[in-house]
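The structure appears right after this line, and notes come after that.
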Amino acid sequence: MAEQLNEYQGKATMEKITSLAKRRGFVFQSSEIYGGQSGAWDYGPLGIELKNRIAQVWWKEMTQLHDDIVGLDAAILMHPRTWEASGHVENFTDPLVDCKKCKARFREDQIPEENLAAKKCPECGGELTDTRKFNLMFKTHIGPAEDSANLIYLRPETAQGIYVNYKNIIQSNRMKIPFGIAQIGKAFRNEIVTKNFIFRTCEFEQMEMQYFVKPGTDDEWFNEWRKRRWNYYEKMGVKMDHLRWHQHGPDELAHYAKDAYDIQYLFPMGWRELEGVHNRTDYDLGRHTQYSGKDMQYIDQDNSNERYIPYIIETSAGLTRNVLMILCDAYDEEQVADKGNDDDWRTVLRFHPNLAPVTVAVLPLMKKDGLAELAQDIRQELKEDFATDYDQAGAIGRRYRRQDEAGTPFCITVDYQSKDDTTVTLRFRDSMEQVRIPRAELTARLRQEIKVYKRIK
Ligand code: GAP
């Protein structure tokens, strides 16, 4: 009954999402049997499918749908001079403060001002240390000797792999400005505070695109890419009232940026950055020219061989952060009338069918009388075109709920009538409506439903 609901019923909280993610095999804590490794997470069977689909949708958007953008997969380990040139060795730091008493560690900007002024720990009241700068790059050594000559970094952003290859790509693929290079890959940051599940982690993935433009056209392209990135989330079916822009103030701008806007999402813990669009100017290519001694200028052969260092407009989204956003955005709890029990709730992940880890589940009403075999046969046929699941365990209502919770948009139920007239029931996750259709029409119907999908809630 409504009056018995607790205040969290029907709402997405980070606890519920974390627990569902573990229960259903989306995301597990890394090294859990050893007590867990903070800042690292493992993607289970449903999680890897979801992550892969988000990556595929982004990749298609950036490369297939743009003639002027090509892909790259650069190495995580780069020459250490890269990070001196990029400014990360010098500037990629967080201000760090420790509590001398309880040993809690904070980023300075996360401590209330009055505590900072009084040097008082916000957790135990103990004395705080002075602020010191802490570089977020992970260091390791290449080769057997652990000395400074062999120092190497795990990349903190994928962008630099693109910059150092931009001339290779111009030459190999005859790219002309303006053009872009897209990349998806791992990045590593020694984050001081890693909370809120997979929001901020030490190991994560980015989906970045660097767009090379003629100086003077950068403001126009910056605005164009802001528009395109906003439209992308709309196309993905994200709740648009949960997105907003945040422009970086002078004290927020990264060392390379002339202008920067974040797309923020309203996560259960509040508005947080999802993606950044940055005007990086000629900073990076200019610095690589200086540090490598190589000429990074573009030669415009269509314009009297005019030479210049291009400006770069960057769109930088977290892939793993997008996984969290999509989980939060899709999460819904809904009260459903179920066999006279009007106090029944279901948890449903309303993924867009293009993102759902399983597109269609095939469920025989009974295991016996040849229904299981028929259902398996139908699944076999659908496998070529869709990600499928098969479930014959338990009451049909329970099986629907399990699929709702995994975000499966379509279920096909095979019953006794199916044996007689080769029709099956197609059940829609969002509306829970069911229609009876001939088996022979399934593939075409599912394709059509995916194409015209509109979220109803
Ligand atoms: N190349 C520019 C760059 O890396 P950023 O704002 O530092 O810019 C871009 O990061 C995106 O990468 C962020 O919007 C966020 O989605 C993701 N990201 C950054 N740090 C992260 C972390 N520690 N864990 C998960 N995602 C992170």
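Position 411 of the sequence shown, counting from 1, maps to 412 under this note's numbering, and the rest follow consecutively.
A virtual CB, placed ideally from N, CA and C, is assigned to each residue, including glycine.
Reference ILE314, options HIS279, LYS369 and PRO96, closest by Cα
Position 313 of the sequence shown, counting from 1, holds the residue named residue 314. Of the candidates HIS279, LYS369 and PRO96, the one whose C-alpha sits nearest the C-alpha of ILE314 is HIS279.
If we cut at 8 Å on Cβ distances, does CYS100 have a partner in chain C?
Within the model displayed, chain C is absent; a lone protein chain is all it includes.
What residue from TYR332, ARG175 and ALA338 has the CA that sits closest to PHE352's CA?
Counting from 1 along the sequence shown, the entry for residue 352 is found at position 351. It is TYR332 whose Cα lies nearest to the Cα of PHE352.
Tell whether a beta-carbon distance below 8 Å holds between TYR266 and MET326.
By 1-based counting over the sequence shown, the position of residue 266 is 265. By 1-based counting over the sequence shown, the position of residue 326 is 325. In contact: TYR266 and MET326 (Cβ atoms closer than 8 Å).
Give a single yes or no on whether GLU315 has its beta carbon closer than 7 Å to a heavy atom of ligand 1.
Indexing the sequence shown from 1 puts residue 315 at position 314. Yes; taking the cut-off as 7 Å, the Cβ of GLU315 has a heavy atom of ligand 1 nearer than that.
8 Å Cβ shell around GLN435 - same chain, five flanking residues per side excluded:
Walking along the sequence shown from the start, residue 435 turns up at place 434. The residues are THR414, THR426, LEU427, ARG428 and PHE429.
Is GLY277 near ligand 1, in the sense that its beta carbon is under 7 Å from a heavy atom of that ligand?
Against the sequence shown, residue 277 aligns to sequence position 276. Yes, the beta carbon of GLY277 sits closer than 7 Å to at least one heavy atom of ligand 1.
Endpoints, beta strand (DSSP E) assigned at LEU267
Numbered from its first residue, the sequence shown carries residue 267 at position 266. Residues 260–268.
Is any non-hydrogen atom of ligand 1 found closer than 7 Å to the C-beta of ALA146, if you look at the structure I gave you?
As a first step, residue 146 must be located in the sequence shown, where it is residue number 145. No, the beta carbon of ALA146 sits no closer than 7 Å to any heavy atom of ligand 1.
Close Cβ partners of ALA3 (< 8 Å) along its chain, the five nearest in sequence each way excluded
Position 2 of the sequence shown holds residue 3. Model confidence at ALA3 stands at a pLDDT of 42, short of 50, so the residue's coordinates are unreliable and nothing is read from them.
What distance in whole Å lies between the Cβ atoms of GLU209 and SER87, which are believed to be in contact at a cut-off of 8 Å?
In the sequence shown, counting from the first residue as 1, residue 87 sits at position 86. In the sequence shown, counting from the first residue as 1, residue 209 sits at position 208. Contact doesn't hold; Cβ gap of about 13 Å is too wide.
Going by CA-CA distance only, name the one from ASP378, ILE143, GLN30 and TYR44 that's closest to PRO358.
Counting from one through the sequence shown, the residue named residue 358 turns up at place 357. Closest option to PRO358, Cα to Cα, is TYR44.
Same chain only: Cβ atoms within 6 Å of ARG133, ignoring 5 sequence neighbours per side:
Reading the sequence shown from its first residue, position 132 is the one you call residue 133. Same-chain partners within the cutoff: LEU97.
Answer with buried or exposed for ALA445, where buried requires no fewer than 16 other C-beta atoms within 10 angstroms of its C-beta.
In the sequence shown, counting from the first residue as 1, residue 445 sits at position 444. By the 10 Å Cβ count, ALA445 comes out exposed.
Residue environment, LYS52, which counts as buried when at least 16 other CB atoms sit within 10 Å:
Numbered from its first residue, the sequence shown carries residue 52 at position 51. Looking at its Cβ environment, which holds 16 or more other Cβ atoms inside 10 Å, LYS52 is buried.
Please confirm whether any heavy atom of ligand 1 lies closer than 7 Å to the CB of ARG106.
In the sequence shown, the residue the question calls residue 106 occupies position 105. False, no ligand heavy atom lies under 7 Å from that Cβ.
Cutting at 8 Å between CB atoms, please list the residues of its own chain near THR64, excluding the five before and the five after it.
Start at 1 with the first residue of the sequence shown, and residue 64 comes out as number 63. Within the same chain, THR64 has close Cβ partners ILE70, VAL71, GLY72 and ALA183.
Assign LEU366 to one of three DSSP states: helix, strand, or coil.
Walking along the sequence shown from the start, residue 366 turns up at place 365. Coil, per DSSP.
Check whether the Cβ atoms of ASP110 and PHE135 lie closer than 8 Å to each other.
In the sequence shown, residue 110 corresponds to position 109, counting from 1. In the sequence shown, residue 135 corresponds to position 134, counting from 1. Against a cut-off of 8 Å, the Cβ pair of PHE135 and ASP110 comes out as no contact.
In its own chain, which residues sit with a C-beta less than 7 Å from the C-beta of LYS228, not counting the 5 before and 5 after it?
Against the sequence shown, residue 228 aligns to sequence position 227. Closer than 7 Å at Cβ, skipping near neighbours: no residue.
Under the DSSP definition of a beta bridge, which residues are partnered with THR14?
Mapped onto the sequence shown, residue 14 falls at position 13. Paired residue(s): none; THR14 is not in a bridge.
Which same chain residues end up closer than 7 Å to GLN5 when comparing Cβ atoms and leaving out the 5 residues on each side of it in sequence?
Here residue 5 refers to the residue found at position 4 when the sequence shown is read from its first residue. Confidence is the limiting factor: at GLN5 the pLDDT is only 48, short of 50, which leaves the residue's position unreliable, though a coordinate-based value still follows. Once the five neighbours on either side are set aside, GLN5 has no close Cβ partner at all.
Could you tell me the boundaries of the beta strand (DSSP E) in which PHE1 lies?
Outside the displayed range of the chain (2 to 458) lies residue 1, so it cannot be described from this structure.
Reduced DSSP category for SER317 - H, G, I as helix; E, B as strand; rest coil
Counted from its first residue, the sequence shown places residue 317 at position 316. It is a strand residue.
By the three-class DSSP mapping on this structure, what secondary structure does THR444 have?
Position 443 of the sequence shown, counted from the first residue, corresponds to residue 444. If DSSP states are grouped into helix, strand and coil, THR444 belongs with the helices.
From VAL349, ASP378, ASP301 and ARG437, pick the residue whose C-alpha is nearest to that of PRO179; which is it?
Locating residue 179 in the sequence shown gives position 178, counting from the first residue. Checking every option, the nearest Cα to that of PRO179 belongs to ASP301.
Would you say the segment 359–373 touches the segment 390–407, given that touching needs at least three Cβ pairs under 8 Å?
yes
With H, G and I counted as helix, E and B as strand and the rest as coil, what does DSSP make of THR19?
Here residue 19 is taken as the residue at index 18 of the sequence shown, counted from 1. In the structure shown, THR19 sits in a helix (DSSP, three-state: H, G or I).
Grouping DSSP H, G and I as helix and E and B as strand, with all else coil, what is PHE223?
The sequence position of residue 223 within the sequence shown is 222, counting from 1. It is helical.
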